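Q: Numbered according to this note's numbering, the sequence shown spans residues 29 to 147. Take this structure first; my questions come after.
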Amino acid sequence: MRRPENRGFLVCLRGSGTPVGVVNLSNIVLGLFRSAYLSYYAFAGFEQQGLMAEGLREVVRRAFRSMKLHRLEANIQPGNAASIALVRSCGFEKEGFSPRYLKIGGRWRDHERWAIIAS
């Protein structure tokens with residue numbers, strides 16, 4: 029995440045500052061495209077509490093306002109219901125399906141393409 033085309037955000041509890049997860053923007057492209065890929069994960073014990081939704085919404089706001097990005101894209105395996113629910117709750121829309129998109133655990137896995145565009 030130290031490269032200029034990547035940005036990492038630590039999601040923390042309000043008040044205590046306890047880390048609960050991470051949101052990453054990678055392959056940031058500026059110029060005319062102004063886009064990035066999104067990845068995220070919650071730390072064990074903090075999932076399913078709405079904390080990542082709050083953190084993701086803040087990262088989306090920063091990406092569009094401060095970083096002046098136009099588009100964020102998340103590629104999610106179709107069976108990952110929690111991840112799909114997270115991006116959907118933050119305003120992402122399903123754009124399509126990418127067969128054999130990413131190699132995970134030694135196998136090429138299908139992914140759904142979810143994106144949000146700056147308004």
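All C-beta atoms, glycine included, are put in the ideal place defined by N, C-alpha and C. Since the structure is predicted, the reported quantities are computational estimates derived from the model, not experimental observations.
1. With a cut-off of 8 Å on the beta carbons, I'd call VAL51 and LEU84 a contact; round off their distance for me.
2. Take the Cβ of TYR69 as the centre, count every other Cβ of all protein chains shown within 10 Å, and call the residue buried at 16 or more, exposed below.
3. Is the beta carbon of ALA143 sitting closer than 8 Å to the one on GLU101?
4. For LEU84, which of helix, strand or coil comes out of DSSP?
5. Which runs of the alpha helix (DSSP H), 4 residues or longer, sit entirely within the stretch 91-123?
6. Where TYR129 and GLY43 are concerned, what is the direct C-alpha to C-alpha distance, given to the nearest angstrom?
7. Drop a sphere of 10 angstroms on the beta-carbon of ILE132, count the other beta-carbons inside from all chains shown, and report buried for 16 or more, exposed for fewer.
8. Determine which residues share a DSSP beta bridge with ARG137 and list them.
A: Taking the geometry as given:
1. For the purposes of this step, residue 51 is taken as residue 23 along the sequence shown, with counting starting at 1. For the purposes of this step, residue 84 is taken as residue 56 along the sequence shown, with counting starting at 1. The pair is a contact, with the Cβ atoms about 6 Å apart (cut-off 8 Å).
2. Numbered from its first residue, the sequence shown carries residue 69 at position 41. Around the CB of TYR69, fewer than 16 other CB atoms lie within 10 Å, so the residue is classed as exposed.
3. In the sequence shown, residue 143 corresponds to position 115, counting from 1. In the sequence shown, residue 101 corresponds to position 73, counting from 1. Yes, Cβ-Cβ distance for ALA143 and GLU101 is below 8 Å.
4. Your numbering for residue 84 matches position 56 in the sequence shown. LEU84 sits in a helix when the DSSP states are folded into three classes.
5. Complete alpha helix (DSSP H) runs here, min 4: 109-117.
6. By 1-based counting over the sequence shown, the position of residue 129 is 101. By 1-based counting over the sequence shown, the position of residue 43 is 15. Going from the Cα of TYR129 to the Cα of GLY43 covers about 39 Å.
7. If you number the sequence shown from 1, residue 132 lands on position 104. Exposed: under 16 other Cβ atoms inside 10 Å.
8. Within the sequence shown, residue 137 is the residue found at index 109, counting from 1. Answer by DSSP bridge pairing, in chain order: LEU130.
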